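**Q** When we follow our numbering, the leftmost residue of the sequence shown carries the number 1, and every step to the right adds one.
Sharing a structure, written as C-alpha cells. Questions coming.
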Amino acid sequence: MNPIRCCIACKSRKNKSELTRIVINEDGKPIIDREQKINSRGIYICKDKKCIENIKKAIKKKKLKLKINIDEDSLLKLLEELGEEIWEN
Ligand SMILES: [Zn+2]
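This is the structure we're talking about:
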C-alpha cells in the first residue's frame, strides 16, 4: 500500500505517487525529489497548476506557513520550473 500525504496547497490527502515531493536540505533549500527516495524532511504538492500557483501567490504575499524552515525565494523559483513542466505535459 502506498502512503497517503497531504498537499501543502489544497490540503487534500492523496496517494504519495500522485504528488510531487520537495525535500528541504539543511540550508532550507528545496529540491524536487523525483524518485521520492531522499531521506530528508519534505513537503508535497499536487501535480496541478492550480496548487502550484496558489503556493506561489502565498509566498509572494508572505503568507506561506509551513512547519518547516524553507528558503522561500528558492521555493518560488523551483515552483516556477515545476509549473512549466506540468504545462508542457
Ligand atoms: Zn493540491
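Using N, Cα and C, we set each Cβ at its ideal position, and we do this for glycine too.
Since we're looking at a predicted model, the values are computed, not measured.
Are the Cβ atoms of LYS16 and PRO30 separated by less than 8 Å?
**A** Their beta carbons are not under 8 Å apart, which means LYS16 does not touch PRO30 by this criterion.
**Q** Around the Cβ of GLY28, are there at least 16 other Cβ atoms within 10 angstroms (buried) or fewer (exposed)?
**A** Exposed is the call here.
**Q** Excluding sequence positions up to five away, which residues of its chain have a Cβ less than 6 Å from the Cβ of ARG5?
**A** LYS16, LEU19, TYR44.
**Q** With DSSP collapsed to three states, give me the class of GLY42.
**A** Three-state result, GLY42: strand.
**Q** Per DSSP, which one or two residues make a beta bridge with PRO30?
**A** Partner(s): ILE24.
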